[in-house]
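Report on the following structure.
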Amino acid sequence: MKRTRTSPFLRTPTSTRTIMRDVLIALLPVSVMAVVQFGIKSLVMMLLGITSAVLFEFLYQRIRGKRITIRDLSAAVTGLLVALSYPVTAPLWIIVLGSFIAIVVIKQLSGGIGKNNLNPAVFSRVLIKILFTPIITRWVLPGPDLMSTATPLEFIGNGQTAIAQGAPEMNALFFGVIGGGIGETVKWAIILGALYLVFRRVISLKIPLATLAGLFFMGMLFGKSSLEFATYHVLSGTAMFAAVFMVTDYSSGPLNHRARVYYGLSIGILTGMVRYLFALPGGIGVAILIMNILAPIYDAWFTPRVFGHKGKRVVIETR
Amino acid sequence: MGIFDRWNKGGLQIPKNKEATRDLETVEASAPKLLYFPMAMHIGSPAKVEVKVGDRVRIGTLLGSRDKGISTDIHSSVSGRVVAIEKRRVFRGESLCVVVENDFLDECETLQSIVDHLESEEFSDRIQKAGITGKGGAGFPTAIKYNKEHKDVEYLVVNGSECEPYSTADYRCMVEYSDEIVRIIKAIARIYRIDDTYIALEDHMEEAIHKLQESIDKAKVDHLMLHILPSQYPQGHAGLQIREVLGIEIMEGQRSGDIGVLQSNVSTIKAIHDAVFLNTPLVKRIITVTGGMIREPKNLMVRIGTPVSHLIDECGGLLPGDVDMINGGPMMGRLFEDTDIPVDKDTTTLLFLAREPERVESECIRCARCIDNCPVDLQPIIISNSYREGAYDKAPALRSESCISCGTCTFVCPANIPLLEDIQALNGKWKEMRS
Numbered sequence: 017m018k019r020t021r022t023s024p025f026l027r028t029p030t031s032t033r034t035i036m037r038d039v040l041i042a043l044l045p046v047s048v049m050a051v052v053q054f055g056i057k058s059l060v061m062m063l064l065g066i067t068s069a070v071l072f073e074f075l076y077q078r079i080r081g082k083r084i085t086i087r088d089l090s091a092a093v094t095g096l097l098v099a100l101s102y103p104v105t106a107p108l109w110i111i112v113l114g115s116f117i118a119i120v121v122i123k124q125l126s127g128g129i130g131k132n133n134l135n136p137a138v139f140s141r142v143l144i145k146i147l148f149t150p151i152i153t154r155w156v157l158p159g160p161d162l163m164s165t166a167t168p169l170e171f172i173g174n175g176q177t178a179i180a181q182g183a184p185e186m187n188a189l190f191f192g193v194i195g196g197g198i199g200e201t202v203k204w205a206i207i208l209g210a211l212y213l214v215f216r217r218v219i220s221l222k223i224p225l226a227t228l229a230g231l232f233f234m235g236m237l238f239g240k241s242s243l244e245f246a247t248y249h250v251l252s253g254t255a256m257f258a259a260v261f262m263v264t265d266y267s268s269g270p271l272n273h274r275a276r277v278y279y280g281l282s283i284g285i286l287t288g289m290v291r292y293l294f295a296l297p298g299g300i301g302v303a304i305l306i307m308n309i310l311a312p313i314y315d316a317w318f319t320p321r322v323f324g325h326k327g328k329r330v331v332i333e334t335r
Numbered sequence: 006m007g008i009f010d011r012w013n014k015g016g017l018q019i020p021k022n023k024e025a026t027r028d029l030e031t032v033e034a035s036a037p038k039l040l041y042f043p044m045a046m047h048i049g050s051p052a053k054v055e056v057k058v059g060d061r062v063r064i065g066t067l068l069g070s071r072d073k074g075i076s077t078d079i080h081s082s083v084s085g086r087v088v089a090i091e092k093r094r095v096f097r098g099e100s101l102c103v104v105v106e107n108d109f110l111d112e113c114e115t116l117q118s119i120v121d122h123l124e125s126e127e128f129s130d131r132i133q134k135a136g137i138t139g140k141g142g143a144g145f146p147t148a149i150k151y152n153k154e155h156k157d158v159e160y161l162v163v164n165g166s167e168c169e170p171y172s173t174a175d176y177r178c179m180v181e182y183s184d185e186i187v188r189i190i191k192a193i194a195r196i197y198r199i200d201d202t203y204i205a206l207e208d209h210m211e212e213a214i215h216k217l218q219e220s221i222d223k224a225k226v227d228h229l230m231l232h233i234l235p236s237q238y239p240q241g242h243a244g245l246q247i248r249e250v251l252g253i254e255i256m257e258g259q260r261s262g263d264i265g266v267l268q269s270n271v272s273t274i275k276a277i278h279d280a281v282f283l284n285t286p287l288v289k290r291i292i293t294v295t296g297g298m299i300r301e302p303k304n305l306m307v308r309i310g311t312p313v314s315h316l317i318d319e320c321g322g323l324l325p326g327d328v329d330m331i332n333g334g335p336m337m338g339r340l341f342e343d344t345d346i347p348v349d350k351d352t353t354t355l356l357f358l359a360r361e362p363e364r365v366e367s368e369c370i371r372c373a374r375c376i377d378n379c380p381v382d383l384q385p386i387i388i389s390n391s392y393r394e395g396a397y398d399k400a401p402a403l404r405s406e407s408c409i410s411c412g413t414c415t416f417v418c419p420a421n422i423p424l425l426e427d428i429q430a431l432n433g434k435w436k437e438m439r440s
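Chains as they are written, first to last, in this note's numbering: chain A, 17 to 335; chain B, 6 to 440.
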């Protein structure tokens with residue numbers, strides 16, 4: 017039977033593919049800086065992340081007889097995010113395993129794009145951290161010698177209320193002269209990517225800002241109102257990278273705009289708490305996963321009031 | 006600079022595509038040999054046929070008269086002879102039509118001229134006798150509004166925002182008839198003792214703003230203000246516009262009259278002017294004939310009852326290729342296939358677009374663009390999911406019946422999910438369940 021077509025007859029040129037392409041473009045500055053900082057192995061890691069993620073998605077969908085969706089580029093984004101979160105010293109098989117967990121275990125077993133309520137890249141990162149800590153935390157400084165180093169987080173986390181002696185300078189944090197995941201260290205490159213995403217209306221600037229504001233607030237609280245300590249928190253670890261590229265993930269967060277902002281704020285606050293209370297430097301990953309689970313509550317709370325209606329009724333989304 | 010505009014502007018920007026006809030002066034369309042007058046060209050009950058086959062009619066002769074309830078009169082737009090009274094396909098489905106054969110003599114008959122200082126009863130009676138219905142697209146008989154709602158009217162809001170892409174009929178009306186519009190607004194304000202009157206239009210309508218302001222200054226109408234809205238879709242929606250202009254929100258179950266607001270489309274206002282000051286009933290209107298598939302897009306002054314095919318010829322015909330013929334704008338208009346259909350009182354635009362290949366729906370990625378852009382703050386994707394899961398009883402909690410059918414959600418969806426269709430389907434199912 018022919019379905020009658022109905023209005024609107026105009027459609028936006030934006031598609032899932034163009035959105036994911038924009039995210040890849042936004043990841044370009046950090047990707048380039050990864051190679052500049054940590055050498056050609058970073059490039060191998062990134063390409064491996066992308067190809068393995070795309071391949072896993074293709075194979076899974078082929079085996080299960082589902083529609084192949086690798087052309088929407090979302091698997092490529094996930095694979096790149098996975099690769100960018102490891103230090104250059106990580107063995108390459110870790111990247112492949114990371115892609116597998118993200119794409120197959122989280123994304124596809126939940127039912128594919130939009131169906132997963134946990135962030136694939138974050139879950140994969142946290143799980144691998146728990147399983148393989150010594151071999152994926154050999155942090156090195158940028159440069160040809162790959163000198164071992166401690167990450168800045170080790171100077172401020174775990175109950176500390178001031179920046180410990182010997183910590184890298186604030187400038188070094190901003191320009192990425194520190195140890196860390198290959199894509200997470202250069203803050204100006206992350207900001208550049210964020211601005212591009214905001215300009216292309218892929219994300220709302222309020223979400224990463226709220227996340228970092230939450231973390232900043234906790235830094236002020238634990239650091240006895242030290243602006244320097246709080247700023248140091250914002251610039252350390254994966255916080256900024258995750259605030260821009262993970263907290264803004266459509267699938268694992270709430271739907272309503274206001275809910276998304278408060279969800280981001282909560283992630284920031286929770287990150288600060290995890291960093292302070294536990295010997296867990298990767299606090300934001302845990303914070304994101306916890307908030308992923310609580311996202312429907314944020315949506316319920318921030319359901320918008322419909323025009324012409326007093327008050328609102330809450331419908332908790334099931335998926 | 007474009008790049009900074011993009012940072013600053015909020016809201017939804019839908020390509021306007023008005024350039025083709027925006028600056029084209031309205032031209033009189035030639036009259037066809039046969040005209041078809043549907044007795045159902047308004048909301049409510051169809052008019053009762055008042056003529057027989059063989060009757061001679063002139064321009065302004067009553068063909069159909071108001072039936073009980075919501076209804077209005079219908080007049081001939083040509084002189085000639087009634088040759089048939091038959092059921093035909095029209096924009097509102099199927100309707101009894103009076104078919105008039107044009108003798109091209111253009112003999113006229115006008116309404117009685119009315120007293121200078123008329124009061125609201127005579128005024129609304131005149132609107133009824135002139136057969137005026139809302140010309141913005143809804144087709145609601147105007148007299149009912151002006152009759153029922155005259156009790157405590159505080160504001161008059163004239164809607165000139167014409168937010169549908171491509172349409173320029175209201176725009177041309179404001180540019181070409183600014184004096185008439187201002188004159189009748191002045192009269193309405195006097196009759197209904199209204200202190201504040203507004204014309205709402207969009208910021209890109211520079212020439213109309215300029216012309217109307219000149220007319221206001223010339224006529225010294227100090228209660229009339231131009232309210233300039235940003236060019237966002239859908240500014241033309243009655244309730245949203247009243248909130249924008251007056252800061253009053255019409256609550257569910259209320260009509261604008263309940264809160265002391267009279268609201269009319271600018272072309273309707275012009276028709277009221279003609280009825281009151283020129284004693285002519287509504288027999289013509291401006292129609293924008295446009296779109297990529299018509300050779301010469303035009304703003305035409307068209308006699309009501311003219312078949313679409315005649316107007317296509319007036320505009321040089323269609324280009325070869327598959328064409329979507331749309332009655333109305335691209336956001337809320339409806340497809341039609343039969344070009345013998347006559348235009349009626351609320352035909353604003355005839356749009357001819359190249360048919361695009363069917364879009365393939367993909368999975369929702371939860372980008373929430375449909376939610377962020379919904380002008381009445383619904384959550385379209387959740388409504389759509391509820392429909393697809395068969396959870397029809399969620400309709401009231403999701404307020405799905407407050408949907409204004411503007412089509413924004415479907416427009417913005419990057420996964421091509423027909424959200425508006427799903428919302429309407431859910432509302433349909435919910436209605437079924439309750440009855």
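Note that CB positions come from ideal geometry on N, CA and C, so glycine has one too.
- For residue 160(B), the pairing in a beta bridge is given by DSSP as 201(B) and 266(B).
- For residue 25(A), the nearest beta carbon of chain B is closer than 8 Å to its own beta carbon.
- Listed along chain B is no residue with a C-beta nearer than 9 Å to that of residue 125(A); the closest approach is about 15 Å.
- The stretch 294–311 of chain B and the stretch 20–36 of chain B touch, with no fewer than 3 CB-CB distances between them shorter than 8 Å.
- Per the C-alpha coordinates, the member of 432(B), 40(B), 411(B) and 229(B) positioned closest to residue 244(B) is 411(B).
- Within the same chain, 129 come within 6 Å of residue 152(B) by CB-CB distance, once the 5 residues on both sides are set aside.
- Chain B places no beta carbon closer than 8 Å to that of residue 198(A), leaving this residue out of the contacts.
- One alpha carbon belongs to residue 312(B), the other to residue 106(B), and they sit about 13 Å apart.
- Judged by DSSP in its simplified three-state form, residue 106(B) adopts strand.
- Contacts with chain B at 8 Å (Cβ-Cβ) do not include residue 242(A).
- By the 16-neighbour rule on beta-carbons within 10 angstroms, residue 57(B) is exposed.
- Within chain A, the residues placing a beta-carbon under 8 Å from that of residue 377(B) are 273, ordered along the chain.
- In the three-state reduction of the DSSP assignment, residue 249(A) falls in the helix class.
- The three-state reading of DSSP puts residue 390(B) in helix, counting H, G and I together.
- Buried is the label assigned to residue 207(B), since at least 16 other Cβ atoms lie within 10 Å of its Cβ.
- Ranked by Cα distance from residue 138(B), the first of 94(B), 214(B) and 44(B) is 44(B).
- Our two residues, residue 256(A) and residue 183(B), have alpha carbons roughly 56 Å apart in a direct line.
- Against chain A, the beta carbon of residue 357(B) has no neighbour under 9 Å; the closest one sits roughly 11 Å away.
- With a beta-carbon spacing of about 7 Å, residue 192(A) and residue 158(A) fall inside the 8 Å limit used to define contacts.
- Linking residue 62(A) to residue 396(B) through their CA atoms gives a straight-line distance of about 44 Å.
- Counting only runs of 4+ residues, the alpha helix (DSSP H) found wholly inside the stretch 256–331 of chain B occupies 271–282 and 313–319, in chain order.
- A distance of 8 Å or more separates the beta carbons of residue 144(B) and residue 108(B).
- In this structure residue 79(B) is not in contact with residue 50(B), their Cβ atoms being roughly 12 Å apart against a cut-off of 8 Å.
- Under the Cβ criterion (8 Å, minimum of three pairs), the stretch 197–212 of chain B counts as touching the stretch 159–172 of chain B.
- DSSP, reduced to helix, strand and coil, places residue 76(A) within a helical segment of the structure shown.
- Our two residues, residue 46(B) and residue 318(A), have alpha carbons roughly 43 Å apart in a direct line.
- A residue is called buried when at least 16 other Cβ atoms come within 10 angstroms of its Cβ; residue 432(B) meets this threshold and is buried.
- Look at residue 99(B) here: in three-state DSSP terms it is strand.
- If the five residues before and after residue 281(B) are omitted, its C-beta is found closer than 8 Å to the C-beta atoms of 119, 123, 128, 131, 189 and 192, all from its own chain and listed in chain order.
- Here DSSP, grouped into helix, strand and coil, assigns residue 230(B) to strand.
- For residue 384(B), the nearest CB of chain A lies under 8 Å from its own CB, placing it at the interface with that chain.
- Here residue 138(B) is bridged, per DSSP, to 146(B).
- For residue 69(B), the enclosing beta strand (DSSP E) starts and ends at 67–70.
- For residue 380(B), the three-state secondary structure derived from DSSP is coil.
- The three-state reading of DSSP puts residue 418(B) in coil, since its state is none of H, G, I, E or B.
- Residue 247(B) is outside the set of residues whose beta carbon lies under 8 Å from a beta carbon in chain A.
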